[in-house]
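Before any comments, here is the structure.
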Amino acid sequence: MNPFVGKVLLYKLQNHAEEYGISHLRGEIMQLVKWDESLALGVEPFDDHHRHLVGLLNETYDLLIAGEKPSCMEEVIDELIDYATYHFSAEELWMVKLCYPKREEHKKQHEEFSSRVVAFQRELILNGGTSTVEVLGFLQRWLVEHIKGSDGEYSRFMHCGAN
Ligand SMILES: [Fe+2]
Ligand SMILES: [Fe+2]
């Protein structure tokens, strides 16, 4: 247990939950991202990929809640980076095959996520992760909005031939 991280986390959950987009977590310990049907696109294997990404973010959050040291969280962040890279490459390749018109802007969004996770990992190593809650809040919002928004658009393009 790391009491410092625990206190910082509690303070942020109690006082800045709206600001960090994590108000659903205040007052209770629950999953950072809850998987539900609104996140399902009906496109395999990408739905499975998204479920796995959600799982990795939740795992990171669980370690934080448990007060684990940043060094323990590095492993799961490494996996998040590797898996996000794999998933984004698979989507981008698929969009090329599909001649999806918005593939370039979609790719830029992926790059933004990847660079934020890499920065998060660096921050954990250098500063011990004092801004972990903010970063996790950002990653959670990004993932949910991206899946429902931009990934949802390619799903509609695939299913209907338009977006
Ligand atoms: Fe995706
Ligand atoms: Fe995507």
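Numbering (this note's numbering), first residue to last: 151 to 313. Heads up, the beta-carbon is just placed ideally off N, CA and C, and yes, glycines get one too. Keep in mind the model is a prediction, meaning the values are calculated, not measured.
Selection from the options that minimises the alpha carbon distance to residue i
| i | options | result |
| --- | --- | --- |
| Asp198 | Leu182, Met223, Pro220, Ala234 | Ala234 |
| Glu284 | Tyr211, Ala240, Pro195 | Tyr211 |
| Gly278 | Glu224, Pro195, Ala216, Glu187 | Glu224 |
| Pro251 | Glu194, Glu303, Trp185 | Glu303 |
| Met245 | Gly217, Glu187, Leu286, Val193 | Val193 |
For residue j and residue i, the rounded distance between their alpha carbons
| i | j | result |
| --- | --- | --- |
| Ser221 | Leu213 | 11 Å |
| Arg201 | Arg253 | 22 Å |
| Ile231 | Gly299 | 21 Å |
| Leu276 | Cys249 | 42 Å |
| Lys247 | Phe307 | 13 Å |
| Val268 | Thr282 | 13 Å |
| Phe263 | Asp301 | 14 Å |
| Ala240 | Ile215 | 32 Å |
| Leu274 | Glu255 | 29 Å |
| Val294 | Asp186 | 11 Å |
| Phe238 | Pro195 | 12 Å |
7 Å Cβ cutoff met for residue i and residue j
| i | j | result |
| --- | --- | --- |
| Leu191 | Ser265 | no |
| Gln271 | Ile227 | yes |
| Leu182 | Ile297 | no |
| Glu242 | Lys257 | yes |
Limits of the unbroken alpha helix (DSSP H) element including residue i
| i | result |
| --- | --- |
| Gln271 | 253 to 277 |
| Gln290 | 282 to 296 |
| Cys249 | Taken as a continuous stretch (DSSP letters only), Cys249 belongs to no alpha helix (DSSP H), as it is neither H nor E. |
| Ser305 | 302 to 310 |
| Asp186 | Here Asp186 belongs to no alpha helix (DSSP H), and DSSP marks it neither H nor E. |
| Val204 | 196 to 215 |
beta-carbon residue i near ligand 3 non-hydrogen atom, thresh 6 Å
| i | result |
| --- | --- |
| Glu241 | The model on display carries ligand 1 and ligand 2 but not ligand 3. |
ask   = Below 8 Å, can you find three or more Cβ-Cβ pairs linking the region 193 to 210 to the region 277 to 294?
value = yes
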